Structure formats: C-alpha cells, structure tokens
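The structure under discussion appears below in the form of structure tokens.
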Amino acid sequence: MKKAFGKAYRFVLVVILIIAGIALERFGVIQYLSDPYELHYLLDLLAQHVWMVFVSMLMATALGLSVGIIFSRPRYKKYSGIVMYIVGLGQTIPSLAVIALAMSFLGIGFKPAIFALFVYSVLPIARNTLAGITAVPGWIIDAAKGMGMPNARILFQIELPNAMKVIITGFRISLVINIGTAALAFLIGAGGLGELIFVGIDLMRPDQLLAGAIPVTLLALFADYLVELLGLVIVPRGLRIQEEIGK
Amino acid sequence: MNVFDFIYKNAGECWLLTLEHIWIVSLALFLAILIGVPIGIAITRSEQAARRVINTANVLMTVPSIALFGILLPILSLINQGLGKVPAVIALVLYSQLPIIRNTYTAIKNVPPEIVDAGRGLGMSGWKRLKEIEIPLAVPVIIAGLRTAAVMNIGIAAIAAYIGAGGLGVLIQQGIARVYGEMIVAGAILVSLLAIFVDAGMALLERLLTPKGIKVGRELGR
C-alpha cells in the first residue's frame, strides 16, 4: 500500500512535469526566451529583483535580530508582550497595502520599494528571534551562569545557538514573503520580475507573463531550499541530535 | 491629503468594494474548508501521505501570489475564465490549503489517545468517534488555521484586483494608476482594517467554539 502510494506520487510528478513542458511550448514561453534581446531583459529584471530582495533582507535581518535580542534582555523583557502584539498586528496588514502606503508617502522608485520590503520583512524575523530566545529553557541559562559566563557570552554561546532553529524559520518566512512582495514593487516603479507579469497581464501576452511568473516562483522555491540547507549548517549539532532522538 | 474626506464622500463605493472583498474571501474560505478539512482528516491514517501532502501544500504556499495568478491566467484562458473572480478564488483556495490541512492534521493527531480509547470502550464506531470526539476537540485548532488563512486571503485578494477580481484592491490599483494619493491610502487603510477586524473576530470565534470541557481542563491545568 505504502509502496503503491509512493509510486503513484512519483508518477503524478512526472506527468505534471511533462504537461508543464508542453504548456510552456504551447504558450510560446520557449520562443520568448530564445529571443536574445528578451532573455537579456529578463536577466536584467531578475538581477534587479534579487538586488532588491538582498538589500531589504540585509537591513531587515539586522534590525529584526537586534529588536529580538534587545526585548529578550531582562531589563526590557516587560515590553516584549507589547512588541509581539505590534508585530502581530503589522503582519495582518496586506503586502499590497504596505507597498501602496510606501508609495504615497515616499513617492515612486527603488527607495520606497526597498523601504516597504524592509518594513514588511522585519516582522517575522523580530518575532521569531524574540520567541526563540524566550523559549530557551531557564536551566540551561542557569547552568551557564553557574559556570561564570558573562551575559554577552551567554547570549552568543547559549541563547542564540539554542534559538537558531526558530530564528532561521522566521528568516525563511520573511525571505519568501519578501520575494513575493518584491514582485509587486513594479507597481511603484522599482522594476523587478513583476514588470513582466503585470505588463503581460495588461497586454494579455501569456508568454511574457509566464516568463516573469515562473522565474519568480523558482526564485522563491530556491531561496526556501537554500535557507533550509543553511539551517542544517548553522543549527548546532547537539540540537539536531536531540531532535533525531526525539523522533 | 484628506483620506477620511475621500472615504466619507465615496462611502457607498467603498462599502460595495468591501462587501465584494469579503464575498471573494469567504467563498474561497468555504471551498477551502470543504477540500482541506477532509484531506487533513484523511491523512491522519498514513504518516507518509501526511508528509507528502503537507510538503506539497508547503510548496504551493511558497509560490508568490502574483506569480500564481500569472500561471493560472493562460491555463484558465482556455475555458475563457483567465481574468476575474474565478482565478482569484482558485488561487485563494490553493493558498488556504496549507494552514487548514496542517492544523486539522495536528489537531486530530493531538487528541489524547485515552479519550479515543474511552469512546471505543463505549462502543462507538469509527465514524462516531470522529464525529463526536475527535472533531469537536480539534475545532479550536482548525479555527486557528482558518484564521491564518482568512487574514492571508484578504491580503492576496487585494492583489487580485490586478486580474480584475474587484474588491478593495481596486482602490489601490486605480489610485496608483491615477496618482491619486487619497484613494491609495483609503484602499490601504480599509483593507488593513478589514484584515485586523477579521483576525480579531476569528480569535473570538476560536474562543467561543472551544468545547467547555477543554476550557475547564485548561483552567484546572493552571
């Protein structure tokens, strides 16, 4: 039964791939991409997209980590509930609304888009950093204190490594959302792969539209996978062994 | 800039767009429950199937929303439904699957086995155990999944304005096209408020639908 299910799953995957290939040919995407001028244009937009995501994620990670760390310190811990509440509220705000608000206050172009992406990406990172550090068991920290570790060392050698798995999850969510939202940045004049999608919709040109939609999707999936691999490297081995035993 | 003036003067239009937005999201959510909850219950029987289904739903969730609209458009154009509400609702249903399936699965899996055993001891059949024990105990967690899905769907439905699905995204879309600041901000504020209200409303529903037994148990646990 199990084997049959696994085989059926693989079969379905192969069929989907074949159908996708035929569809790409029929909608003219292959022809579109074999035009060297269009390919160059696509690569330019891809570079723009990746750069936008990279810059905003870099800033968001820096701020998110520091907010998470600051509000998990004993002195500011009493405010952590409020911070979590604000972050939760911020996350319910739709991405298009954030982009639109950034445009109406900062104008159009690359900078407002970066700002909107940055603001929207900080939230999951900050929340997961805070939640991850707060969830580190008290007895581990007590043990570290008993060994005479100063607070800074407790943070870097105990709290952060133990919280790393949760932080990486937050980073992953944030990155995937960021890549999707960056596709909307075209609307406020920042370019990116969204340009092909939106212009393709307006012109009703499936080839151009898919030439934008498929790279964005692949980019998001690839980023997701890459961060998962990163998690395997960064999360301390001890925690991973613990998890495997837990299974 | 006077946003409230704009909303006040165009109250009728804003109200209609809000209703349209709610209609798209609730239709999608309804269909998503019909598909997702049975799948979530079915995969509790096989761990391998569960892993595969949840992974697939996870991949779907990773696809950026505008890209999914883009991919659906040429496919649905074959049956003349490329633009409008149909692709929007399909995309929303697909995105809702992960939170709904995952939460249903976890909730049913986490029903304490001794309670299920007690049901078996009372001579309940498999269906009856599911209907009278497992599902009522799982409802709060399933509602939590619906809450995530609803809030996410409100945001994605706003983007669906670009494929002609209507809703509050229209204010943002038209506002950007006309460089009409008040209109953009009005759309952004209304859609955010809608998301925040729905989030709060679902949280309340979650609390109301928690069976009394669980609440008592939780209080005693404290």
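Chains A and B supply the protein sequences, listed in that same order.
Each residue of the first sequence is one higher than the one before, starting from 825 at the first, in the numbering used here.
Each residue of the second sequence is one higher than the one before, starting from 1244 at the first, in the numbering used here.
Quick reminder that beta carbons are idealized off the backbone N, C-alpha and C, glycines included.
Small disclaimer: the values here were computed from a predicted structure and weren't measured.
- Flagged as an interface residue toward chain B: Val1040/A, by a C-beta distance shorter than 8 angstroms.
- Taking the Cα of Thr958/A as reference, the smallest distance to any Cα among Met908/A, Asp859/A and Val853/A is reached at Met908/A.
- Listed along chain A is no residue with a C-beta nearer than 9 angstroms to that of Pro1330/B; the closest approach is about 11 angstroms.
- The beta-carbon distance between Tyr833/A and Arg1295/B, rounded to whole angstroms, is 6 angstroms. This is short enough to meet the 8 angstroms contact definition.
- The beta carbon of Gly1004/A sits closer than 8 angstroms to some beta carbon of chain B.
- For Leu1033/A, the residues of chain B that pass the 8 angstroms Cβ criterion are Gly1313, Leu1316 and Pro1317, in the order they occur in the chain.
- Around the Cβ of Phe829/A, a 10 Å sphere holds fewer than 16 other Cβ atoms; the residue is exposed.
- Remark: C-beta atoms of Asn1301/B and Ser1339/B do not approach each other more closely than 8 angstroms.
- Beyond the five residues adjoining it in sequence on each side, Phe1010/A comes within less than 7 angstroms, by CB distance, of Gly1016, Gly1018, Glu1019 and Phe1022 in the same chain, given in chain order.
- Within the segment 905 to 923 of chain A, contact with chain B at the beta-carbon level (separation under 7 angstroms) is assigned to Leu913, Thr916, Ile917, Pro918, Ser919, Leu920 and Ala921.
- The count of Cβ pairs closer than 8 angstroms, one atom from the segment 1418 to 1436 of chain B and one from the segment 1255 to 1265 of chain B, reaches three, so the stretches are in contact.
- Counting only runs of 4+ residues, the alpha helix (DSSP H) found wholly inside the segment 912 to 979 of chain A occupies 919 to 930, 934 to 958 and 962 to 970, in chain order.
- Residue range Ala1254 to Ala1285 is occupied by the alpha helix (DSSP H) that includes Leu1262/B.
- Leu1414/B counts as buried, since no fewer than 16 other beta carbons sit within 10 angstroms of its beta carbon.
- Collapsing the DSSP output to three states places Thr1453/B in coil.
- Flagged as an interface residue toward chain B: Tyr833/A, by a C-beta distance shorter than 8 angstroms.
- Collapsing the DSSP output to three states places Tyr856/A in a helix.
- Residues of chain B with a Cβ closer than 9 angstroms to the Cβ of Ser998/A do not exist, since the nearest Cβ in that chain sits about 13 angstroms away.
- Runs of the alpha helix (DSSP H) spanning 4 or more residues and lying entirely within the segment 1352 to 1388 of chain B occur at 1356 to 1364 and 1369 to 1372, in chain order.
- Around the CB of Arg996/A, 16 or more other CB atoms lie within 10 Å, so the residue is classed as buried.
- Apart from the 5 residues on each side of it in sequence, Leu1311/B sits with its Cβ closer than 6 angstroms to the Cβ of Ala1334 in its chain, given in chain order.
- In the three-state scheme derived from DSSP, where H, G and I count as helix and E and B as strand, Tyr833/A is classed as helix.
- With respect to chain A, the C-beta atom of Gln1340/B has no partner C-beta closer than 8 angstroms.
- Closer than 8 angstroms to the CB of Gln1291/B there is at least one CB belonging to chain A.
- DSSP, read as helix, strand or coil, puts Ala1014/A in coil.
- Excluding five sequence positions before and after Arg1390/B, the CB atoms of its chain that fall closer than 6 angstroms to its own CB belong to Met1445, given in chain order.
- Under the three-state reduction of DSSP, Ile1322/B is assigned to coil, being neither helix nor strand.
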